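Going line by line, the protein sequences match chains A and B. By the numbering used here, the letter at position 119 of the first sequence is numbered 119, and the numbering carries on one by one without gaps. In the numbering used here, each residue's number is its place in the second sequence (first place is 1) plus 367. Where is the CB? At the ideal position from N, CA and C, for every residue including glycine. Note that the structure is predicted; figures quoted are calculated from it, not measured. First comes the structure, then the notes that go with it.
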Amino acid sequence: MSLTIHYRGGTQPSKHLNALKPDVRWVDSQWGTWLIEIASGPGLRDMQGKLMNLAVLLDHEPTDVQALCTIASEKVTQERLQSELAQMRKVIRPDLANRLHVGRCDGSGENVLLEPSLPILLKDVVTKAVRKAANARRRSPGGTQLDVFAYLVRTWLADKGPVMVKDIQEAVGASHPTVAASLEQLKKQGVLHRLSDRSVELKGFPRDEWPRWLLATVQARKIARYVDPSRHARGPQEMAARLPKATKATKLRVAVSGVVGALQHFPDLDITSPPRLDLCIAVEPGREDLAFVHKLDAGLVRDDDAPYPVLAVHILPLRSDKQFEEVEGRLCADPLECLVAMYDMKLYEPAADMLEELIRRRPKPVG
Amino acid sequence: MPNPDNNELTPAQVMEQVAQAIPEACRSNVIIIGSLAAGYHFFGNDRSKAIRTKDVDAMFSPHAMAAGAARVVTETLLAANWTVRQEGEFGEPGDANTPDDKLPLVRLKPPHQAQWFLELMSAPGADSDGELIKKLDRVETQAGHFALCSFGFLGLAEHVPLITEWGVRYARPEMMALANLLHHPLIGTATISGGFFGATPVKRANKDLGRVLALAYLSLERDRDAMEKWSEAWRDALNARYPLRVEDLTARLGLGLVELMGSRDDFNEAVRTCSLGLLRSMDVGPEALEATARRLIAEAIEPLTE
Numbered sequence: 001m002s003l004t005i006h007y008r009g010g011t012q013p014s015k016h017l018n019a020l021k022p023d024v025r026w027v028d029s030q031w032g033t034w035l036i037e038i039a040s041g042p043g044l045r046d047m048q049g050k051l052m053n054l055a056v057l058l059d060h061e062p063t064d065v066q067a068l069c070t071i072a073s074e075k076v077t078q079e080r081l082q083s084e085l086a087q088m089r090k091v092i093r094p095d096l097a098n099r100l101h102v103g104r105c106d107g108s109g110e111n112v113l114l115e116p117s118l119p120i121l122l123k124d125v126v127t128k129a130v131r132k133a134a135n136a137r138r139r140s141p142g143g144t145q146l147d148v149f150a151y152l153v154r155t156w157l158a159d160k161g162p163v164m165v166k167d168i169q170e171a172v173g174a175s176h177p178t179v180a181a182s183l184e185q186l187k188k189q190g191v192l193h194r195l196s197d198r199s200v201e202l203k204g205f206p207r208d209e210w211p212r213w214l215l216a217t218v219q220a221r222k223i224a225r226y227v228d229p230s231r232h233a234r235g236p237q238e239m240a241a242r243l244p245k246a247t248k249a250t251k252l253r254v255a256v257s258g259v260v261g262a263l264q265h266f267p268d269l270d271i272t273s274p275p276r277l278d279l280c281i282a283v284e285p286g287r288e289d290l291a292f293v294h295k296l297d298a299g300l301v302r303d304d305d306a307p308y309p310v311l312a313v314h315i316l317p318l319r320s321d322k323q324f325e326e327v328e329g330r331l332c333a334d335p336l337e338c339l340v341a342m343y344d345m346k347l348y349e350p351a352a353d354m355l356e357e358l359i360r361r362r363p364k365p366v367g
Numbered sequence: 368m369p370n371p372d373n374n375e376l377t378p379a380q381v382m383e384q385v386a387q388a389i390p391e392a393c394r395s396n397v398i399i400i401g402s403l404a405a406g407y408h409f410f411g412n413d414r415s416k417a418i419r420t421k422d423v424d425a426m427f428s429p430h431a432m433a434a435g436a437a438r439v440v441t442e443t444l445l446a447a448n449w450t451v452r453q454e455g456e457f458g459e460p461g462d463a464n465t466p467d468d469k470l471p472l473v474r475l476k477p478p479h480q481a482q483w484f485l486e487l488m489s490a491p492g493a494d495s496d497g498e499l500i501k502k503l504d505r506v507e508t509q510a511g512h513f514a515l516c517s518f519g520f521l522g523l524a525e526h527v528p529l530i531t532e533w534g535v536r537y538a539r540p541e542m543m544a545l546a547n548l549l550h551h552p553l554i555g556t557a558t559i560s561g562g563f564f565g566a567t568p569v570k571r572a573n574k575d576l577g578r579v580l581a582l583a584y585l586s587l588e589r590d591r592d593a594m595e596k597w598s599e600a601w602r603d604a605l606n607a608r609y610p611l612r613v614e615d616l617t618a619r620l621g622l623g624l625v626e627l628m629g630s631r632d633d634f635n636e637a638v639r640t641c642s643l644g645l646l647r648s649m650d651v652g653p654e655a656l657e658a659t660a661r662r663l664i665a666e667a668i669e670p671l672t673e
């Protein structure tokens, strides 16, 4: 038996378009090859993305390879998991659907529950993977390849010219291998220009990689979603206006994002009225304090699986705080962040329009 | 979601019938409270939102004129073929020898219809400090003696009441809500039975606090900032009515509601009374009323205690 655990630190894209390497590839002489993903919950949203990812990966594997997605959360029942899998199997090609499986364990990786037909040895594999993933998250809250890409795009949009590799490392908080791998990949795609002084620059806007980055960023992101059971929530703009008062007692810096943030950056943008309020907070892992939401609107209820929340709080790594900026007296996430939120809302056209506006407004080189 | 019966009267129709029946000289002494006041305020003549108004509570105000005005109204209505509603051991009017606590309340049924009856009440005296006791005033009419009752916080209904097009006034929803909140700082054991709520007795506190939630829900439907406006109005009313007890009263304002939210059985009973009462024509479930309760506490009650 061999076990390879891929750390998701860099959310490293695999050779397959739009698919990420699984958390674990388990190879056993008796049970064959298994791709394993661990969803950290607490809701099913993370799992839905990972199941989809596994389906894409399976499509590029030999037909005897199987896949298991395990959610490490006590909050999701086995029945709900099976129902989720059944839904997923309806929309996936049957030859792939039958090779997809789901399981559940508690947050520490113990008490793994699998379908009876699956190899019992998988339980140990899952437990180890959950523990290692948790340790990796604790040890390394550093930047990922997604962050490296975002940093390069931001630098290009601001026309800051070439940037030293060590500066990227410092700004993103990523390890040298993470930065190097990311740059290498962009170079292979032909969108990165390497200079002799160890600086790099995007040759242009990386249009091919951009949608993949958006998808991966949304999937990797923790978003606390809130619904309004009585349909009396204030509108997104009104809620945003109440944000300073709601956060007054806390040191937390909460930035407005999504459509409301985009309109703050580009008031003339021809964009739909905001369907929800998006906010960003930048905190250490596990330190998010969302008590301010109660002050914003005590009637809201958190449901991270909600398809149409009235409020979405994007929980970003601490260093993301640097991307918050004051616009007309309001703390806003930068335009790139706003685009991520719009993508999460499936506002693809307005997001594309805003992106073009961003590219159009890029400062022109002098001379 | 129940559909209102086509034969049911709209709140505005009932309000008009009540107002027209009351002698013009006394109309300005009447403040309609309870479900008719709320139904009229929120639904008016909307047939799709008809509510089942069984007892129309008419409070006579000010207290100094209540017994006199109630006497005139009672005699006028009885002369117009209204009848005394008799229920249980109460009903027959008393006489000079009947002790106050054995007198029937003034409950009068209009002729030719059985949908609702009028119950007369009195505003508390100016010396009332909101104690939770029921006080009775004797009303001597040509038909016999009755009692006019008043409750401690009923006086809040007198605070800046609204007026109908027929000259009678009705209590503001937020004042009825405040009176109910103050009346139930805890979920007591007292029950009511019969009426809309079926054979099973319902805790009075659950019914009254459920009414608070229904009023808040309907107000929020109209104005998302309603709870903040309630808070301001409550501050004014408490200072005007009970200037010496403001701190004490605000401190206990939300206690009953918090207790209600902490008890699944009580909360569900409160929701059921709403579904059979003011929110009958609307599909409002427990999750929505829980959200309403949290907003009420956060935006109306907590600012008063800060």
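Counting only runs of 4+ residues, the alpha helix (DSSP H) found wholly inside the stretch 213 to 244 of chain A occupies 236 to 241, in chain order. In the DSSP assignment, the residues bridged to B:F484 are B:D422. Between A:E325 and A:E74, the alpha-carbon positions lie close to 38 angstroms from each other. DSSP lists B:H512 as the bridge partner or partners of B:G461.
If you compare the alpha carbons of A:G161, A:H232, A:R234 and A:H265 with that of A:L202, the shortest gap goes to A:G161. Boundaries of the alpha helix (DSSP H) harbouring B:G623: L622 to G629, taken from the DSSP string. At the C-beta level, B:E654 and B:M628 stay beyond 8 angstroms of one another. Counting along the chain, the unbroken beta strand (DSSP E) around A:P317 starts and ends at L311 to P317. A:N98 is classed as exposed because its beta carbon has fewer than 16 other beta carbons within 10 Å across all chains shown. Per DSSP, the unbroken beta strand (DSSP E) holding A:A282 starts and ends at L277 to V283. In the structure shown, B:K476 adopts extended strand secondary structure according to DSSP, grouped into three states. In the three-state DSSP reduction, A:H101 falls in the strand class (E or B).
In summary, no residue of the stretch 540 to 561 of chain B has a CB separated from any CB of chain A by less than 7 angstroms. Annotation for B:T617: the continuous alpha helix (DSSP H) segment containing it runs V613 to R619. In this structure, the alpha-carbon of A:A351 lies about 9 angstroms from that of A:V340. Contact of B:L587 with chain A by beta-carbon distance below 9 angstroms involves S230, H232 and G299. Here B:N547 is buried: its Cβ has 16 or more other Cβ atoms, across all protein chains shown, within 10 Å.
Taken in chain order, the whole alpha helix (DSSP H) runs of length 4 or more contained in the stretch 54 to 104 of chain A are 78 to 91 and 94 to 97. Using a CB distance below 8 angstroms, the part of the stretch 638 to 670 of chain B facing chain A consists of V651, G652, E654, A655, L656, E657, A658, T659, R661, R662, I664, A665 and E666, ordered along the chain. Sorting B:T640, B:G519, B:K476 and B:D650 by C-alpha distance to the C-alpha of B:A566 places B:T640 at the top.
Listed as beta-bridge partners of A:C332 by DSSP are A:V256 and A:E325. A:G32 is bridged by DSSP to A:D28. Distance from A:V200 to A:V163 at the Cβ level is roughly 6 angstroms; contact confirmed, criterion being Cβ atoms closer than 8 angstroms.
Counting along the chain, the unbroken beta strand (DSSP E) around A:S199 starts and ends at S199 to L202. For A:H294, the closest Cβ of chain B is nearer than 8 angstroms. Boundaries of the alpha helix (DSSP H) harbouring B:L403: G401 to F410, taken from the DSSP string. Between A:V256 and A:R330, the C-beta spacing is below 8 angstroms.
Per DSSP, reduced to three states, the secondary structure at A:M164 is strand.
By the 16-neighbour rule on beta-carbons within 10 angstroms, A:T272 is exposed. B:Y537 sits in a strand when the DSSP states are folded into three classes.
At a Cβ-Cβ threshold of 8 angstroms, A:A262 and A:M354 count as neighbours. Within 9 angstroms of the CB of B:Y584, the CB atoms of chain A belong to S230 and H232, in sequence order along the chain.
B:E595 and B:S395 have their C-alpha atoms spaced approximately 30 angstroms apart. Taking each of A:H314, A:A39, A:P62 and A:A291 in turn and checking the Cα distance to A:R131, the smallest one comes out for A:A39. For B:R591, the chain A residues whose C-beta falls within less than 7 angstroms of its own C-beta are H232 and R234, listed in chain order. Within the DSSP bridge table, the entry for B:I559 names B:V569 as partners.
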